[in-house]
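For the sequence shown, this note's numbering begins at -6 and goes up steadily by one. As structure tokens, the structure follows; a few thoughts come after it.
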Amino acid sequence: ECSACYDDLPMNRQIHCNGRVAHFTCFDCVEMYIKSEVGESRCRVICPAGCGSGFTQQQLDQLSNKQLLEKFAQIQQEKDIRDAGLEDLEECPFCDYKAILPPVEQDFEFRCANPECERVSCRRCKAVSHVPISCEQHAQDNKLNSRHTIEEAMTAALVRSCNKCKKQFVKEFGCNKMTCPSCGNKQCYVCSASVKDYEHFD
């Protein structure tokens, strides 16, 4: 019988705590418990029967939700690292990979060894590595690039290509019936279809 929901379930659908008296809990209840712990960034699972004991990793590994167990293990690992008080421990700004590094004055870059990431970042500003450019110059360049991207998007929203001669022209004012200044073709600003009169816009 599950010590949390009291359902009668086969033994292969339950795990037991590591207390002197083994209390059994079904997979579903333990997974719900772990989900609530993960949601609070906690990593301790205590026996629901109230004996104060936990569960061994071997017992937890029987659960089917492997993605949940990985997240739970990650939170446990992060807690262990915090508790160890390791100095010079840094984390990749693009994933969870951590490494102990020399002082930043000796090496400005963090080279992530996670095979799914492998990005090189600046240890000072946490952006993608921009050596030999300074962080200030890199931030300024990014600002200019962002502004240029916005300006290009705004221009692209205004510019249309004639569906006859393919020349580009801009709608500056007026309705959605546009006349190509190169060949005189009339077309709709919205869908670029050729139009003769205003029935298309009804």
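Think of the CB as a built atom: it goes at the ideal place given N, C-alpha and C, for glycine as much as any other residue. Quick caveat, the model's predicted, so the values are computed rather than measured.
Own chain residues within Cβ distance below 8 Å of residue i, not counting five before or after
i, result
"C173", "C155, K157, C158, K160, F162, K179 and Q180"
"V183", "N169"
"C128", "C115, R117, C118 and A120"
Where residue i sits in the DSSP three-state scheme
i, result
"I93", "strand"
"H9", "strand"
"V271", "No information on residue 271 is available, as it lies outside the stretch -6 to 195 that the chain covers here."
"R140", "helix"
"E145", "helix"
"E192", "helix"
"V198", "Examination of residue 198 is not possible in this model, given that the chain is present from -6 through 195 alone."
"V23", "helix"
Pair within 8 Å by beta-carbon distance, residue i and residue j
i, j, result
"S34", "I68", "yes"
"Q7", "C(-5)", "yes"
"Q52", "H9", "yes"
"I49", "N11", "According to the sequence provided, residue 49 is Thr. The question's Ile does not apply to it. Contact flag set, yes."
"S185", "R153", "yes"
"L61", "V31", "yes"
"F65", "I39", "no"
"D76", "I93", "no"
"S57", "F103", "no"
"K91", "I74", "yes"
Cross-strand partners of residue i (DSSP beta bridge)
i, result
"C181", "K170"
"R153", "F162"
"V113", "R104"
"E83", "A92"
"T18", "I8"
Beta-carbon proximity list for residue i, same chain, < 6 Å, skipping 5 on both sides
i, result
"R247", "Summary: the structure shown does not reach residue 247, with the chain confined to residues -6 through 195, and so no result is reported for it."
"K197", "Outside the displayed range of the chain (-6 to 195) lies residue 197, so it cannot be described from this structure."
"H131", "H123"
7 Å CB neighbourhood of residue i in its chain, flanking five on each side removed
i, result
"F101", "C115, R116, R117 and V124"
Are at least three pairs of beta-carbons, each pair with one atom in the stretch 78 to 92 and one in the stretch 114 to 133, less than 8 Å apart? yes
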